[in-house]
Amino acid sequence: MTEHKKLILVDGSSYLFRAFHALPPLMNSKKIPTGAVKGVINMIRSMVKNNPESNVVIVFDAKGKTFRNELYDAYKAHRPPMPDELKVQIAPIHKIVEAMGLPILIIDGVEADDVIGTLAREASAAGISTLISTGDKDLAQLVDDQVSLINTMTNEALDTDGVKSKFGVYPNQIIDYLALVGDSADNIPGVPSVGPKTAVKWLAEHQSMSEIIDNASSVSGKVGERLRESVEVLLLSYELATIKTDVELKMGVHDLKRKKADNKKLLELFSELEFKTWVNELKDEGVEFNSGNEPALENKADNQASSEFKEIERNYSLIDSNESLKDFVTSCANSSCIGLSCEIEAEHFMGAKVVGISMCAEPGHGVYIPLNHAESEEKSTVTQLNSLFVFNQLKPILENESVLKAGHDLKNLAHVFENFGVTLAPLKADVMVASYVYDSVSSKHRLFDIARDRLGLVMADFESVLGKGRNKKTISQIAPIDVLKCSAEKADVSLRSWIILNQLLSESGSLHDVFCYFEQPLIQVLKDVEKSGVCVDKSALLIQSSDLHIQLKSLASQVFKLAGEDFNLGSPKQLQSILYEKLNLPMLKKTKTGQPSTAEPVLAELAESFELPRLILEHRSLSKIKSTYTDKLPLQIQDRTKRIHSTFQQAVTATGRLSSTDPNLQNIPIRTCEGRRVRKAFISEPDYKILAADYSQVELRIMAHLSKDPGLLAAFNSDQDVHRATAADVFGVAINEVSDDERRSAKAINFGLIYGMSAFGLAKQLNIGRQEANEYIERYFAKYPNVKRYMDQTQSFAGENGYVETIFGRRLYLPDINAGNGMLRKAAQRTAINAPMQGSAADIIKRAMIDIYNWLPESGLDAQMLLQVHDELVFEVHHKDVELVSEGVNFRMMSAASLSVPLIVDIGVGANWDEAH
88 MTEHKKLILV
98 DGSSYLFRAF
108 HALPPLMNSK
118 KIPTGAVKGV
128 INMIRSMVKN
138 NPESNVVIVF
148 DAKGKTFRNE
158 LYDAYKAHRP
168 PMPDELKVQI
178 APIHKIVEAM
188 GLPILIIDGV
198 EADDVIGTLA
208 REASAAGIST
218 LISTGDKDLA
228 QLVDDQVSLI
238 NTMTNEALDT
248 DGVKSKFGVY
258 PNQIIDYLAL
268 VGDSADNIPG
278 VPSVGPKTAV
288 KWLAEHQSMS
298 EIIDNASSVS
308 GKVGERLRES
318 VEVLLLSYEL
328 ATIKTDVELK
338 MGVHDLKRKK
348 ADNKKLLELF
358 SELEFKTWVN
368 ELKDEGVEFN
378 SGNEPALENK
388 ADNQASSEFK
398 EIERNYSLID
408 SNESLKDFVT
418 SCANSSCIGL
428 SCEIEAEHFM
438 GAKVVGISMC
448 AEPGHGVYIP
458 LNHAESEEKS
468 TVTQLNSLFV
478 FNQLKPILEN
488 ESVLKAGHDL
498 KNLAHVFENF
508 GVTLAPLKAD
518 VMVASYVYDS
528 VSSKHRLFDI
538 ARDRLGLVMA
548 DFESVLGKGR
558 NKKTISQIAP
568 IDVLKCSAEK
578 ADVSLRSWII
588 LNQLLSESGS
598 LHDVFCYFEQ
608 PLIQVLKDVE
618 KSGVCVDKSA
628 LLIQSSDLHI
638 QLKSLASQVF
648 KLAGEDFNLG
658 SPKQLQSILY
668 EKLNLPMLKK
678 TKTGQPSTAE
688 PVLAELAESF
698 ELPRLILEHR
708 SLSKIKSTYT
718 DKLPLQIQDR
728 TKRIHSTFQQ
738 AVTATGRLSS
748 TDPNLQNIPI
758 RTCEGRRVRK
768 AFISEPDYKI
778 LAADYSQVEL
788 RIMAHLSKDP
798 GLLAAFNSDQ
808 DVHRATAADV
818 FGVAINEVSD
828 DERRSAKAIN
838 FGLIYGMSAF
848 GLAKQLNIGR
858 QEANEYIERY
868 FAKYPNVKRY
878 MDQTQSFAGE
888 NGYVETIFGR
898 RLYLPDINAG
908 NGMLRKAAQR
918 TAINAPMQGS
928 AADIIKRAMI
938 DIYNWLPESG
948 LDAQMLLQVH
958 DELVFEVHHK
968 DVELVSEGVN
978 FRMMSAASLS
988 VPLIVDIGVG
998 ANWDEAH
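Just so we're aligned, residue 88 is where the sequence shown starts under the numbering used here, counting upward by one.
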């Protein structure tokens, strides 16, 4: 009996658009766009490499209209025409696919989905299993026992159960589901106000769309009215969403065999497109050019990354007339990437004053455009341009999506330019973010550091121009000619650094994917989140601040009474004297200088037995809330918007987590009364509600996924209380007999192990003996052996490679993993265990943010994302849209990653953040 090879059907059109929009718009030296070509072929090469024995077929959409346009004129009618820079890349892709020996199908009058559906059904009839590689949800309707899907960009695989888990319905209900919810991308109308949650609910009750229509009279409320009004539209939507499985094809699945690749032709094509890495791969395999004369392969990125590029001669000029500005704009007409920087004076982007703009259209050639320099005594006349004129002239370049803007912290630049009516685009070539993805462990990603590390260049020091100390001046007080070198160099270095970092990321595999699919699109998301800001009840904070002042005075009085004297509560030295000399409390730990410690953990331990340390801790806690939040937040409300606009830092934490500053809204205490009171001050506008969506135990779920431990998987997949289930396993009792103390201990073990906690740490946390804690851990690993195996394997991998990775390929370097210093080495080993989980959790919520951000405008719902706090997203939603936004947010957060266990999201709604959490 002949064994059939697996058939892999690649949705080439899905690859094409996703590569074009997600990847940097690369060009070769002839200014021919090549980014989409590289992205598509890279994904196809990966698919072929991972499935060497399978027949791989590539299917693309044909030009022109399809039968669906005859059914419905508006089908996909809202889509803009294909950009010219994408059109020119289609032919090279087809040529490369053919040279790779892969069958390519393009059928007139139907879509690629229909061709894929026909081939999949034919393959199933012949007993051939099929894998469809796509990012299109419509194809989920084809999944059955012999057909599955894979998303090449996210590695999400979907079989029948996977479809049910992702969409809430089975594959044979996907058409019904799509007809009900509609599809804004294809302009399929659906039923107004019916979201994923409602569709899933109806299909669970009635199994199919026809049954839903038959029972439409029993559906109450407005949604029932809209259903009954939309029956004809629903039937049309069903027909539009149905993939044809009977397209007439000249070739059947048995004819679609992989041929031997024409490596000489591939070498010629790769050389022409300047894909140097692939050219070198073929050369290493002994492939030679047909003519024997190898063409000169100009690799711009490599040339510019050379030492000559790093030491390039620099020529910076001042633009001080309208004519010279117009000439510069004209010279940028054919630029694919422009370096950009800005000199501003402001504490916050909402009120930034632009002193000057620097730009660089060619490495080494930068310009500075002065706008708001003050006249000085030495140089009374300052020639500079009118800001309105400059922004009007630059607007076409700055807003042109096809021209990359290489800059450091593009998000902040976008905020500043938006104040002047310019929408900076695209926000992709951010050297700060690129540097961070390439090496997140590096503590600094300032432009100065990037120039040193990537260009071997020591940038000019602004301090030498501005001065320091009492005599330090602002940039606007310096003459433009004296600012020229420092500022123009920033634009020049941004451009050169981007070229090098983009090349490094392109050659780094998974890091390039992390940059393109997570961090790049997140820049725009965070920019708009920051611009939205959040409404704060100023009077409530001022009242709380006054209350805290009274409480702090009372606590200080109690402390002084116990101490027998007044002293400075903020002075560690005076507190040492009171605690250890006057009151003679036990000295538990010393500082590095040998002094008795007054650190919080030491005081917490002393507080278990002594009153004064307890009062000190309470005073410190309330004092921090007062100084950090209730005193400061009212001062950070922007006059223009009457809202607080925090800044989300994208390039700070080693694991990929975001942090917020000015103000920091991620560390507001949630378990204390006063901390929750601060959260109550974060309110919605009238007619709106605060919606908070929080991942439940996401890092534990990632641990279950990574370790593949049957016990943990079973607990999560059966929707058990995982801490109670762990307690039952560890302590050998029935799950319904687990005591609160046993559950608390199990919770400490579950979360403690994620952070690499030792028996000593667990004993301290549970206030038990070290031996007893060790027994708990041993019992835990006996019940969950794969967790121990995962931890050991991860530490071993880290030791050999110097890094660990998240589920999505973010790389987390561990420089101390093999350190001779035992403390440093053990700390790195603990980080090795936790970093993949914390980093994966960060990636998951970033993916959810991007998906929700893209969905909200399409949905027509009145809502905006306000905050991201670790595993939580906070929104402001019009009260009429709360239910649909809750559905959509929940669905997209749950679908942000495909794990072996479900992602669960807790959603709350209220008038303020505390109520919603």
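All residues carry an ideal CB built from backbone N, CA and C; glycine is no exception.
Legend entry - Spatial neighbours of Asp1001 in its chain, beta-carbon cut-off 6 Å, leaving aside the 5 residues before and after: Arg763, Arg766, Lys767
Legend entry - Beta-carbon proximity of Ser946 to Ser271, cut-off 9 Å: yes
Legend entry - Buried or exposed (CB count within 10 angstroms, at least 16 for buried), Phe476: exposed
Inset, instruction - Out of Phe884, Glu198, Leu752, state which residue places its alpha-carbon closest to the alpha-carbon of Asn331. - result: Asn is not the amino acid found at residue 331; the sequence shown has Lys there. Ranking Phe884, Glu198, Leu752 by CA distance to the CA of Lys331 puts Glu198 first.
Legend entry - Buried versus exposed call for His502 [16 or more other C-beta atoms within 10 Å across all chains shown]: buried
Legend entry - Helix, strand or coil at Gly494 [DSSP, three-state]: In the three-state DSSP reduction, Gly494 falls in the strand class (E or B).
Legend entry - Endpoints, the alpha helix (DSSP H) within which Asp930 is located: 909 to 946
Inset, instruction - Output the boundary residues of the alpha helix (DSSP H) element that contains Ser832. - result: 827 to 841
Legend entry - Met546 - DSSP class collapsed to helix/strand/coil: coil
Legend entry - Delimiting residues of the alpha helix (DSSP H) encompassing Ala578: 567 to 593
Inset, instruction - Can you tell me which of the three DSSP states Asp389 falls into? - result: Because the pLDDT at Asp389 is just 40, under 50, the model does not fix this residue reliably, and the value given afterwards should be weighed accordingly. Helix at Asp389.
Legend entry - Sheet register partners of Phe769 (DSSP bridge): Val623
Legend entry - Secondary structure, alpha helix (DSSP H): runs of 4+ residues fully inside the region 208 to 287: 247 to 254, 261 to 268
Legend entry - As assigned by DSSP and simplified to three states, the class of Cys419: coil
Inset, instruction - Compute the Euclidean distance between the alpha carbons of Trp942 and Val570, then round it to the nearest angstrom. - result: Distance from the CA atom of Trp942 to the CA atom of Val570, rounded to whole angstroms, is 44 Å.
Legend entry - Ala566 to Tyr403 span [Cα, whole Å]: 15 Å
Inset, instruction - Drop a sphere of 10 angstroms on the beta-carbon of Ser393, count the other beta-carbons inside from all chains shown, and report buried for 16 or more, exposed for fewer. - result: Here the model assigns Ser393 a pLDDT of 39, short of 50, so the residue's position is not dependable and the matter cannot be decided.
Inset, instruction - Could you give the DSSP three-state label for Ile755: helix, strand or coil? - result: Collapsing the DSSP output to three states places Ile755 in coil.
Legend entry - Helix, strand or coil at Ile610 according to DSSP, with G and I counted as helix: helix
Inset, instruction - Might you give, ordered along the chain, the residues of its own chain that have their beta carbon closer than 7 Å to the beta carbon of Ala694, omitting 5 neighbours on each side? - result: Result list for Ala694: Pro700, Arg701, Leu704, in chain order.
Inset, instruction - Please classify Ala650: does DSSP put it in a helix, a strand, or coil? - result: Helix.
Legend entry - Inter-stretch contact (C-beta, 8 Å, three-pair minimum) for the region 413 to 433 and the region 488 to 496: yes
Inset, instruction - Taking the CB atoms as reference points, tell me whether Thr717 and Ser632 lie closer together than 9 Å. - result: A distance below 9 Å separates the beta carbons of Thr717 and Ser632.
Legend entry - As assigned by DSSP and simplified to three states, the class of Lys555: coil
Inset, instruction - Kindly indicate the opening and closing residues of the beta strand (DSSP E) around Met952. - result: 950 to 956
Legend entry - Member of Lys851, Ala833, Glu887, Tyr890 whose CA lies at the smallest distance from the CA of Glu865: Ala833
Inset, instruction - Please work out which residues of its chain come closer than 8 Å, Cβ to Cβ, to Asn138, disregarding the five sequence neighbours upstream and downstream, and give them in chain order. - result: Lys93, Ile95, Leu218
Inset, instruction - Using alpha carbons as the reference points, say which of Leu745, Ala164, Glu185 lies closest to Ala928. - result: Here the closest residue by C-alpha is Leu745.
Legend entry - Per-residue DSSP class, three states only, for Thr205: helix
Inset, instruction - With a threshold of 8 Å, establish whether the CB of Lys713 neighbours any heavy atom of the ligand ZN. - result: Among the ligands in the structure shown, none appear at all, so the ligand ZN cannot be discussed.
Legend entry - With 16 other Cβ atoms within 10 Å as the buried cut-off, status of Lys515: buried
Inset, instruction - Identify, in the order they occur along the chain, each residue of the same chain with its Cβ nearer than 8 Å to the Cβ of Gln736, setting aside the five sequence neighbours on each side. - result: Leu745, Ser746, Ser747, Thr748
Legend entry - Rounded C-alpha distance that separates Lys679 from Thr742: 29 Å
Inset, instruction - Identify which residue in Ile855, Asp579, Glu335 has its Cα closest to the Cα of Glu400. - result: Nearest C-alpha to Glu400: Asp579.
Inset, instruction - Please state whether DSSP places Gln784 in a helix, a strand or coil. - result: coil
Inset, instruction - Starting from Ala448, follow the beta strand (DSSP E) in both directions and report where the run begins and ends. - result: 440 to 449
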